[in-house]
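Residue numbers (full-length UniProt numbering), protein chains in the order written: chain A, 1 to 699; chain B, 1 to 699.
Glycine included, C-beta positions come from ideal geometry on N, C-alpha and C.
2 protein chains.
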Amino acid sequence: MGKCVNHPETETSYKCMKHNIYLCDQCLECRDPELYCKYRSSCPIWFLSKGTRKLDESGQTPAREATCRVDFSPDGKSAEVPAGATLLDAAGKADVYINASCNGKGACGKCKLIVEDGEVEKTDTALLSDNEKQKGYVLACQSRVKGPVSVRVPEETIERKLRVAGMGEEITRRLQGRVTEISPMLEKISMELSPPSLDDPVSDLDRLKRGLKKNGIDTNRTNIGLPVMRQLAAAMRNKNWNVTTSIMHKACSSEVVAVEPGNGAHPGLGLAIDIGTTTIVVYLVDMADGRVIAATSGHNRQASCGDDVINRIVCAEKNGVKKLSTLVLSTINTLIREAAEGAGVDFRDIGNVVVSGNTTMTHLLLEIEPRYIRREPYIPSISEFPVLKSGSIGLKANANAAVFVMPGPASYVGGDIVSGVLYTGLHRQEELTLFIDVGTNGEIVLGNKDWLICASCSAGPAFEGGGIRWGMRAEQGSIESVTIEPVSFEPRIKTIGDEPPRGICGTGMIELISEMMLTGIIDQRGKFQLDADHPRMGAVGEEPAYVLAFADQTPMDEDIVFTESDIDNLIRSKGAVYAGFTVLLNQIGVSFDMIDRVIITGGFGQFLDIDKSVTLGLLPDIDREIFHYYGNSSIGGAYMALLSADHRQSAGEICNAMTYMDFSTNTAFMDEFTSALFLPHTNLEQFPSVSAKMRETAN
Amino acid sequence: MGKCVNHPETETSYKCMKHNIYLCDQCLECRDPELYCKYRSSCPIWFLSKGTRKLDESGQTPAREATCRVDFSPDGKSAEVPAGATLLDAAGKADVYINASCNGKGACGKCKLIVEDGEVEKTDTALLSDNEKQKGYVLACQSRVKGPVSVRVPEETIERKLRVAGMGEEITRRLQGRVTEISPMLEKISMELSPPSLDDPVSDLDRLKRGLKKNGIDTNRTNIGLPVMRQLAAAMRNKNWNVTTSIMHKACSSEVVAVEPGNGAHPGLGLAIDIGTTTIVVYLVDMADGRVIAATSGHNRQASCGDDVINRIVCAEKNGVKKLSTLVLSTINTLIREAAEGAGVDFRDIGNVVVSGNTTMTHLLLEIEPRYIRREPYIPSISEFPVLKSGSIGLKANANAAVFVMPGPASYVGGDIVSGVLYTGLHRQEELTLFIDVGTNGEIVLGNKDWLICASCSAGPAFEGGGIRWGMRAEQGSIESVTIEPVSFEPRIKTIGDEPPRGICGTGMIELISEMMLTGIIDQRGKFQLDADHPRMGAVGEEPAYVLAFADQTPMDEDIVFTESDIDNLIRSKGAVYAGFTVLLNQIGVSFDMIDRVIITGGFGQFLDIDKSVTLGLLPDIDREIFHYYGNSSIGGAYMALLSADHRQSAGEICNAMTYMDFSTNTAFMDEFTSALFLPHTNLEQFPSVSAKMRETAN
């Protein structure tokens, strides 16, 4: 018996004779080499079972545990799982992407599958309509396997390419002018050195340093590692003293990370990576001119461990940080591969990387203990990271690539916010700016070039589609814009890519609720006022719902509806954000009219309707001119830091300048939150223009 | 078929199913896990031969190649070697230490063994006496195995503990006062940190840095690696925010290499290591007070690859640098283990290491390409080394221990000379000092606090016992002092440890030749003048020889003699050294009377008789008062650098200040060398006091 090499909490008697390690059942049955069994690719299971027998407590060989095969269409993937495992477990093992917002608790209703053949043991759920149940829909986390089964991933939940606002050229245009001088972390210097002679017998390394000095490198602060020293003599002589040196610039010193024979070095490629809790975005950049040559994005595979950072940390505590790290790395590496293949370049030419993410995301990526982030007093292990080598993290780039991780000042205000501030430039301006990032967490920064204060509130995932029956991210087919005809109450919807509607994203929800309130479909508490027999009124179980699109217009052949719980969830989210910045302002004695600029960022969608956001009560009712919507500012800041040493230094300065205000024990926050659980707000005086509009439409 | 993992030049069909690697015959038969097969300890040979069969070209299993077993006494070790292998090969495989000065060319006659059982095929050699041949003596490198054989390592060649000038306490006394303030590279700082709270929510790393700042650490220049970041959260909380941080101080930055729970850090242990081509010395030092708590020394196991650095480099080119690196590492690690066991301490507490050695030795230790050292224009790959981590080299110390390697300015003036200069302090003094290190290479430094010039000449290994029939290092039983009665020509000898004589070391040879010349036993050319029938005259073959000790007084039951070739070798060695410093002085226009101090260092023995060294013509005939013999100055400088940052910095400054003068194309050197091939010199005017003494004794 021994401890499983992947799951040290498990004792097992399966020993691999090839690797001299123990592996548990879970490893033996895995199909995902990245997730469970790093040895699997070189180690077929038969090798293990031949090598040893599994023994029971009395030392006897027990009967082999029955496993059931689960086939997934349309992926064509499959997994063997023990009887009693859930379809969600099986999907994980088969590497089939399924959104499981609530981490398998049966609460979100997102992990829908259709059983096509075979039977499963399922717990009854109100989260599926009768129509769905008839069609064989089940929730993956609530269905246990008892024999071989074939399931299909329904059209509406298949992972689609996220819409990144514009690809390559468009992004390049948008980012143009943000970097004046390119100064990468990994610099390549080509030199023609003079050969040694009896009159000039300095060592190879000193000869190299002499050349570097001529190229402006401070060699007194430049280290060199043993592997490079070992290759030095050959590398320098191989192409007749023509060499290309790669130098990694760190905060307080530099390091020669490679010396290669020959000249003609290209500055190489860079990566800007935004690791969102939900979505990961990768820009592949030409370091010579700053062009974005490819952009890719995808769902963070950690989604199978829950929607928000708290669930991810819980999962890391239970299954080890390694698991979460592997999940996010496999997502990122897939995106890097796609980007490199798309651009027709070699990923080994990637020498510079900037990673931006919230504190939990960066901890999980780097396999750093996250458990104290969620425990009072909410302490991250690391705020500012040294420049790391790609090889030590496992990113698909040159092993010597320099990796800069955006620093984050607090457990709930992370590097993504610092990156956003960097991108918007508010830390360099006289004007007082309020920066609001709406994601699963709502983060708020207030300040200017002299001071910065920040806070965070738990907004919940509603704006990104979490906890909303037909909520989804801003993908192809999501409803991003809604207007409602005041008399007929008929909606006019617009979807991303003008595809048949599959659900509704954040911007769509904001417009929908704003419109429903102004047209009187709902009241200020978010309760339906429309007659139950109105053609646009439906129900989910007992609960009334507004029908946004009828089944015959959707690819799922299901009505897309918005229920009172959905409205309630959204109100709670917007209430938290509104309470957040209100309390922050109150605490430091700043009123709305003192603010010169409001910046909104987040993953709602492409175009945020400011006026409707005010109507909802998400944003304050002030001059619309001062509002600016920036979309994903985290990736923008990462791009800037990728290209410029000045910007990397600014990131550190922003992080250090930020004062964090904790709301967790703040009673004012709870009061403000409660007041904001109205449309637009309990206190209508704070929303004069909305009041006026409401009066107008009422007349 | 595949490439052998240890010998990539060999194709083999032996595949290890356990490690998925190929291993060649040499690996399959090895007995030395360190030298040949790193997999052997976990991989018994049966596993390999079971896994696959060896195939011949037609795909058939060929007849197994015959091997012969060689047993060595008194070690009790044995090896299987193919028929036709030499006993030297067999000794290497069995890890039996044999001195093979000439690297198996059959030229030095050192690798004597006695065949006790079985037969070998031997080449006839004049290097063994008839008496020896009768007793079954063979030369290991000239004897090929043709069947099973038992051999004995003769008493006189068994490795003995070298005499390190004094152990622990004695060394400590000698070194006292050389370091005023202890400032290790790896500093341990114990701190009691304040626990985090909502009012003080800084990250774990920032909390640690805050503590370090209070302890005087410049945290802006302090890096931290990923492995430490990963342990940080647990380490800090494990003992209630009491932690001990290990910080490695490098030239231009520092690094947190470990954070451990709890307080009460001891400054730990340090190692000063002198890697000589022939001898390795290790001091184990208490970093708290600088006490040397153990000292060990042993023969550099690279000796099996030849006596001098050129042979070692040739061997590295032929067999790979790895082999040489492994040999020296295994020697050092054995010595460290002995020292740690002797002192009753844990080698994992060793946090600081300083290594001093010549340029070839440091290159081989660190597996850095040495081949250009021996090729014009004689370029070392690295002169100054960054502080390295012990784990990256493979030293038996804490894996995070900081390793400082003494810098060396040229291929033939290395870190050992810089260390010696540091130890003698000549670089800080007004007085003009001539520093002469006599080893296999003779290195010369001239200068003071304002300038340093250096050169090197190939002295040959005679003073360390190489190329001398009964020559040996300054070990127990070596003759270290000789006087000869002028009338009877009877010698009075003194051995180290007052043991029966086993050979003669450098100081003994200097005294012997000086005495033989003054008593007229030899003339100024080194030719014998004594009657052949004098009881003290013997012969080796045709060659006359002076008998220093008769067989019945020696443990080998053999006469210890000194032949004319021996005398010639020694004259050539002293001639090279004398020519070296003479040319150096001439070139820069300094005469002997301008020199304030002459320092002699080297491995001759404990006590050098200056007057007799002058009589020999090794040292100039000037005021004896200004001569100082320092023994091993390289280890002394290493000790100082181990304890003090100032001294480490000085080492770099000395290295940079040294101007190297190359003699390889210098005709003046050849002239001076030829003139010095007399006793004491062709030009007796340069040796007035010796001339006077010669006239005196002649009368």
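Straight-line gap, residue i to residue j (C-alpha atoms, nearest Å)
i: residue 698 of chain B; j: residue 506 of chain B; result: 27 Å
i: residue 388 of chain A; j: residue 423 of chain A; result: 23 Å
i: residue 438 of chain A; j: residue 391 of chain B; result: 47 Å
i: residue 508 of chain A; j: residue 226 of chain B; result: 42 Å
i: residue 148 of chain B; j: residue 441 of chain B; result: 41 Å
i: residue 178 of chain A; j: residue 635 of chain A; result: 13 Å
i: residue 687 of chain B; j: residue 673 of chain B; result: 16 Å
i: residue 499 of chain B; j: residue 476 of chain B; result: 7 Å
i: residue 638 of chain B; j: residue 114 of chain B; result: 40 Å
i: residue 77 of chain B; j: residue 214 of chain A; result: 58 Å
i: residue 485 of chain B; j: residue 292 of chain B; result: 42 Å
i: residue 89 of chain B; j: residue 323 of chain B; result: 14 Å
i: residue 568 of chain A; j: residue 515 of chain A; result: 16 Å
i: residue 206 of chain A; j: residue 220 of chain A; result: 11 Å
i: residue 35 of chain A; j: residue 326 of chain A; result: At residue 35 of chain A, the pLDDT of 34 sits below 50, so the modelled position is not reliable and the matter cannot be decided from this model.
i: residue 3 of chain A; j: residue 82 of chain A; result: 21 Å
i: residue 413 of chain A; j: residue 345 of chain A; result: 35 Å
CB contact flag (residue i, residue j, <8 Å)
i: residue 583 of chain A; j: residue 666 of chain A; result: yes
i: residue 190 of chain B; j: residue 265 of chain B; result: yes
i: residue 385 of chain A; j: residue 353 of chain A; result: no
i: residue 268 of chain A; j: residue 188 of chain A; result: yes
i: residue 400 of chain A; j: residue 246 of chain A; result: yes
i: residue 645 of chain B; j: residue 183 of chain B; result: yes
i: residue 560 of chain B; j: residue 570 of chain B; result: no
i: residue 462 of chain B; j: residue 356 of chain B; result: no
i: residue 248 of chain A; j: residue 402 of chain A; result: yes
Continuous beta strand (DSSP E) stretch holding residue i: start and end
i: residue 600 of chain B; result: 597–602
i: residue 284 of chain B; result: 279–286
i: residue 139 of chain B; result: 137–139
i: residue 454 of chain B; result: 452–458
i: residue 548 of chain A; result: 543–549
Residue of the options minimising C-alpha distance to residue i
i: residue 198 of chain B; options: A:568, A:374 and A:323; result: A:374
i: residue 332 of chain A; options: A:271, A:321, A:367 and A:319; result: A:271
i: residue 625 of chain A; options: A:618, A:605, A:652 and A:596; result: A:596
i: residue 111 of chain A; options: A:466, A:187, A:489 and A:647; result: A:466
i: residue 707 of chain A; options: A:82, A:606, A:677 and A:662; result: There is simply no residue 707 of chain A to check, as chain A begins at 1 and stops at 699 in what is shown.
i: residue 654 of chain A; options: A:211, A:447 and A:242; result: A:447
i: residue 663 of chain A; options: A:572, A:360, A:457 and A:113; result: A:457
i: residue 170 of chain B; options: B:294, B:184, B:88 and B:78; result: B:294
i: residue 378 of chain B; options: B:546, B:410, B:341 and B:351; result: B:410
i: residue 530 of chain A; options: A:501, A:324 and A:487; result: A:487
i: residue 700 of chain B; options: B:443, B:611, B:629 and B:631; result: In the structure displayed, chain B extends from 1 to 699; residue 700 of chain B sits before or after that span and is not available.
i: residue 682 of chain B; options: B:403, B:525 and B:557; result: B:525
Alpha helix (DSSP H) segment containing residue i, residue limits
i: residue 192 of chain B; result: Careful: residue 192 of chain B lies outside any alpha helix (DSSP H), inside the beta strand (DSSP E) at 186–192.
i: residue 443 of chain B; result: Here residue 443 of chain B belongs to no alpha helix (DSSP H); instead the beta strand (DSSP E) covers 441–447.
Per DSSP, the bridge partner or partners of residue i
i: residue 145 of chain B; result: B:120
i: residue 373 of chain B; result: According to DSSP, which records beta bridges pairwise, residue 373 of chain B is partnered with nothing at all.
i: residue 69 of chain A; result: A:80
i: residue 274 of chain B; result: B:281 and B:356
Proximity test, residue i beta-carbon vs the ligand ATP heavy atom, cut-off 7 Å
i: residue 91 of chain B; result: Absent from the structure shown: the ligand ATP. Ligands present: none.
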